[in-house]
Amino acid sequence: MELDEALFFLGDFGLYQTIIYVLICVSGQFTQAWHMLSMAFLGGLPEHHCKVPEGLYLNHSVPSSLVDGRVVYSQCSMYKNVSIDNSTVPCEDGWEYSFQSTIVTEWDLVCVKSALVETSESVFMAGVMVGSLVFGQLSDHFGRLRVWLVSIWLQIVFGVGAAFAQDYYSFTILRFITGALEQGVDIVSYVMATEMFSPARRSFAGVLTTLFWASGIMSLALLAYLLPNWRHLQLLISLFNVIALPYWWYIRCFCLVAYFGYLTGLRQFVPVFSTLRSNRNSTHAYEAQMSQTKWPHSECHILS
């Protein structure tokens, strides 16, 4: 018996499916929107100007102009010697920022280094591309649940590592790996979530996952507001999926009961799993069909 046939006997929609669907979408869609778009806040570019040497005044040391009625100071240059002429040089003593704690302010990714912020995001997206090519094949071969959970656990490890990165290059490398693992979580979760429903409802289930993604996008702005320190923000969006650590045991139950329900208390399970509409014949029909089915014994097959 295929999974679609099992779902036909059990019913189209039920409480158990709903719970597991939400769990999958929270870890597989909601939190992945954070990883995908977090660079907008991790790499936020504040207003900045050259740091003025002690004993000098800002308006005497940094070129300025009037823009829309307010004074705007040059971001990348300062006067070489105010007392002699108005020649300028690149900032010599670093920068001062309007707000602190992004990767830009920590590693001074401004002026000649400003392209490094976009480069880091491009490297992350390159990881996403690699992950999209790899993890679909891996999930078909080793089983969706196994690949999905391993991707989540590894994403936690490398995401936390990025939060403690001490330089731009280690941060970017860790973000590349996190981006690849994002696809191991995102793509596989979409397939798992939709496969929990009958073919007639799968389009709806697939569209519904986008609501979790959109909710993740909206909540990210609030998180960034509450956690202005980029390390704290990166740490939170990485550690949130710790809730997925026990998923192996209670999501895997869906696969096992769908295949071996007659051995694990089907009569108690079907009323919860099956449709909220009464379907008194589902248990008897399913038991009869299961008794005639030959079962593969490969765990990878069960979870694929």
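Residue numbers (my numbering): 725 to 1028.
Glycine included, C-beta positions come from ideal geometry on N, C-alpha and C.
Glu830 carries a helical assignment under DSSP once its states are collapsed to helix, strand and coil. If you ignore the 5 residues before and after Cys800, its C-beta comes within less than 6 Å of the C-beta of Cys835, all in its own chain and listed in chain order. Leu766 is positioned such that its CB atom lies closer than 9 Å to that of Trp954. Straight through space, the alpha carbons of Ile827 and Tyr892 are spaced by roughly 8 Å. Burial of Gly940 is indicated by the presence of at least 16 other C-beta atoms within 10 angstroms of its C-beta. Contact fails between the region 934-949 and the region 861-871, because fewer than three Cβ pairs, one in each stretch, are under 8 Å apart. According to the DSSP assignment, Glu820 belongs to the beta strand (DSSP E) that extends over 819-821. According to DSSP, residue pairing for Cys774 in a beta bridge involves Trp819. Gln756 and Glu906 do touch by the CB rule: their CB atoms are close to 5 Å apart, below 8 Å. Between the region 872-879 and the region 901-917, the count of Cβ pairs shorter than 8 Å is three or higher; the stretches touch.
C-alpha of Gly883 to C-alpha of Ser856: approximately 18 Å in a straight line.
Taking 4 residues as the shortest admissible run, the region 929-969 contains the following complete alpha helix (DSSP H) segments, listed from N- to C-terminal end: 954-963.
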